[in-house]
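For reference, the structure is listed below as structure tokens.
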Amino acid sequence: MSQTPEAARRASDPDALLRLVRASICVAAIGSWIALVVLSLVPGVARPRTGLSGNTEHFIAYLLAAFATRLVFERPSSLWQVAGFSAAAGAFEILQTWVPGRTPAVDNWATSLAGAAVGVGLAAGVTRLIRGRARASSARIESP
């Protein structure tokens, strides 16, 4: 069975893969935010345990969420994104006051903030690296 010209064009479209990757990262970012909300506000007895320390869990969760979020949303700036994660982490810690079996802690907030800062920084670096390589590649293609 042969492909239609439109299907062949889409299959050879290099931007199609980029759009698919970007959409997948967007889904991951949204999923990570949902996970942060749920895991931050679920009662203590229902909270899953990884075997890692609470602060390690906070650091990794916020690093991954911030990394995915920064890859998808380049605006607002990295500083504002870290501030947003900091505000969210602080709000979740405060809300834990009213969640059975949960206790708010400043060290959890600080560790979450650190994870978010590292995640945003890594994603910003990856974005710069990819853009630099893309520019270099297009310059080689365009040069006579």
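Here the sequence shown stands for residues 66 to 209, numbered as in my numbering. Cβ coordinates follow ideal geometry from the N, Cα and C atoms, glycine included.
Between residue 134 and residue 94 the beta-carbon gap is near 5 Å, inside 8 Å, which marks them as a contact. In the three-state DSSP reduction, residue 80 falls in the helix class (H, G or I). At the C-beta level, residue 113 and residue 165 stay beyond 8 Å of one another. DSSP assignment within the region 177-201 yields no whole alpha helix (DSSP H) run of 4 residues or more. With respect to the C-alpha of residue 146, the residue from 187, 168 and 170 having the closest C-alpha is 187.
If you compare the alpha carbons of 177, 195 and 89 with that of residue 125, the shortest gap goes to 177. For residue 144, the uninterrupted alpha helix (DSSP H) segment begins and ends at 143-160.
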